[in-house]
Amino acid sequence: GAGVSQTPSNKVTEKGKYVELRCDPISGHTALYWYRQSLGQGPEFLIYFQGTGAADDSGLPNDRFFAVRPEGSVSTLKIQRTERGDSAVYLCASSPYRGAEAFFGQGTRLTVV
Amino acid sequence: SQQGEEDPQALSIQEGENATMNCSYKTSINNLQWYRQNSGRGLVHLILIRSNEREKHSGRLRVTLDTSKKSSSLLITASRAADTASYFCATGPLTGGGNKLTFGTGTQLKVEL
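What follows is the structure, encoded as structure tokens:
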């Protein structure tokens, strides 16, 4: 596709449930990033992939959060035992190389009730 | 954590006027980028300025960077109603971290007819 695609666009889940958020980066982009944005705030870094490996996961808030990118393209952000505080817009971005601009998807709005 | 602070937090101007937003950051950077966000969803990349550059233009946008003061400004000339959005600065690290961007808190711009 032409841009970064994220699915679903909206997700409502009950507290304690497991959710998966998907990101399809721009074809050929080796770098992939996940960010989380709470209302009224700027995006906050979660994790960065270079190829298949997580090069920097220092932004993951705790061990309930996990992300994979098994074939170096599509990535899935997984959240276990969701909490109401996890409610936010989760943004994915891809970049062709370090230091280049990052292209963002439209995000997944996660609401935990 | 947020790296930058944008100033002002909110700005309201008339169509045709110029809008200036400022960004301050804390650590040494490789580059600084400005993004626009409509309705709290996907971010659109506007312009990237590298640490060895002082000024950059793109259409109606002008960005300056002063690394000695750790600050940047975004000028939008001849503003239009369609420029109404939130604007974020984001810094790319000097070393490591891929293109891990650290975002500021944003400026909400409203352009009135």
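Chains F and V are the protein sequences, given in the same order.
Using the working numbering, read the first sequence as starting at 3 and increasing by one per residue.
Using the working numbering, read the second sequence as starting at 9 and increasing by one per residue.
Built from N, CA and C at the ideal position, the CB exists for glycine as well.
In this text the structure is predicted, and so the values were computed from the model without any measurement.
- By the neighbour-count criterion, in which 16 or more other beta carbons inside 10 Å mark a residue as buried, D65 of chain F falls on the exposed side.
- Listed along chain F is no residue with a C-beta nearer than 9 Å to that of R62 of chain V; the closest approach is about 18 Å.
- In this structure, DSSP gives R86 of chain F a helical state, which the three-state scheme calls helix.
- Scanning the stretch 13 to 73 of chain F from its first residue to its last, no whole alpha helix (DSSP H) run of 4-plus residues comes out.
- Interface annotation, F105 of chain F: in contact with chain V, CB-CB separation under 8 Å.
- Straight through space, the alpha carbons of G109 of chain F and Q45 of chain V are spaced by roughly 11 Å.
- Taking a beta-carbon distance threshold of 8 Å, H65 of chain V does not count as an interface residue toward chain F.
- For a cut-off of 8 Å, the C-beta gap from V114 of chain F to E85 of chain F is around 6 Å, short enough to register as a contact.
- Listed along chain F are F47, each with a C-beta nearer than 8 Å to that of T110 of chain V.
- Cβ proximity to chain V below 9 Å picks out A33, Y35 from the stretch 25 to 36 of chain F.
- Counting only residues of its own chain and dropping the five nearest sequence neighbours on each side, K80 of chain F has a CB closer than 6 Å to the CB of E22, F68.
- The beta carbon of T72 of chain V is closer than 6 Å to those of E63, S81 in its chain, skipping five residues each way along the sequence.
- When the Cα atoms are used, T92 of chain V and Q52 of chain F turn out to be separated by approximately 34 Å.
- According to DSSP, residue pairing for R44 of chain V in a beta bridge involves V:V52, V:Y95.
- Rounded to the nearest angstrom, the gap between the Cα atoms of V6 of chain F and N26 of chain V is 32 Å.
- Listed along chain V are G48, R49, G50, L51, each with a C-beta nearer than 9 Å to that of G109 of chain F.
- Contact between the stretch 16 to 23 of chain V and the stretch 25 to 35 of chain F is absent: fewer than three C-beta pairs spanning the two stretches fall below 8 Å.
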